[in-house]
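K.L.:
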Amino acid sequence: MTVAKTSFLVLDCAEPESLAEFYASLLDAEIQGMSDPDFVELVGHNGVHLAIRRDHGYAPPSWPRPEDAQQAHLRILVAHDDLDEAEREAVSLGAMPIDTKDSSGPRAVRFYADPAGHSFSLAVSP
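Per our numbering, numbering of the sequence shown is gapless, rising by one per residue and ending at 139.
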């Protein structure tokens, strides 16, 4: 028998509340679990489940530099015709462009850093 499981990505940062607000707006998700200021959960449509955890010694990853390279990143899929609008939305919420050179075509991917420095990508949904 297989035990039922739920999984979600946990991002570390110095200020969980503000990073949760960023992702809640970007992913149209609902913030849950605000009773613990060190751990905030987000639940959104289409199975989005993300958590933000306070790390008092947090230092952002340095991707694409190799010394503190990323360990993982969040990939957000959008329709091809919505990629430019998704980029405008992300940047208006505080995302910082990292690499947006591969920005057209059926496999377009654009990389950003969230306000705490985690990398994420906007990619055309296959």
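For each residue, glycine too, the CB sits at the ideal point set by N, CA and C.
Starting from D97 and walking both ways along the beta strand (DSSP E), at which residues does that stretch end?
P.N.:
Counting along the chain, D97 falls outside any beta strand (DSSP E), though it belongs to the alpha helix (DSSP H) covering L96 to L106.
K.L.:
Give me the Cβ distance between S138 and L90, rounded to the nearest whole Å; I'm assuming they're in contact under 8 Å.
P.N.:
Confirmed, Cβ separation roughly 4 Å.
K.L.:
Using beta-carbon positions only, say whether G57 and A42 come within less than 8 Å of one another.
P.N.:
Yes, they are a contact pair.
K.L.:
Got a sec? Which residues, its chain only, sit under 8 Å from S134 by beta carbon, not counting five neighbours each side?
P.N.:
If we look at S134 and ignore the five residues flanking it on each side, its Cβ neighbours are H86, L87, R88, I89, V122, R123, F124 and Y125.
K.L.:
Measure the alpha-carbon distance for G107 versus E100 and round it to whole angstroms.
P.N.:
G107 and E100: Cα-Cα distance of roughly 11 Å.
K.L.:
Have a look at S105 and V23 and give me their C-alpha separation to the nearest angstrom.
P.N.:
Straight-line Cα distance between these residues: approximately 23 Å.
K.L.:
Name the residue from H131, A136 and L40 whose alpha carbon lies nearest to the alpha carbon of S75.
P.N.:
With distances taken between Cα atoms, S75 lies closest to H131.
K.L.:
How many Å lie between T15 and H62 at the Cα?
P.N.:
Their Cα atoms are separated by approximately 21 Å.
K.L.:
Where does G57 fall in DSSP's three states?
P.N.:
Three-state result, G57: strand.
K.L.:
State the beta-bridge partners of S132 as determined by DSSP.
P.N.:
Note: S132 sits in a beta bridge opposite A126.
K.L.:
Taking P7 as part of the alpha helix (DSSP H), name the residues at either end of that continuous run.
P.N.:
Any answer about residue 7 is impossible in this case: the structure gives the chain only from 14 up to 139.
K.L.:
If distances are taken between C-alpha atoms only, which option among E28, L55, D51 and D25 comes closest to A37?
P.N.:
Comparing Cα-Cα distances from A37 to each of E28, L55, D51 and D25, the minimum goes to L55.
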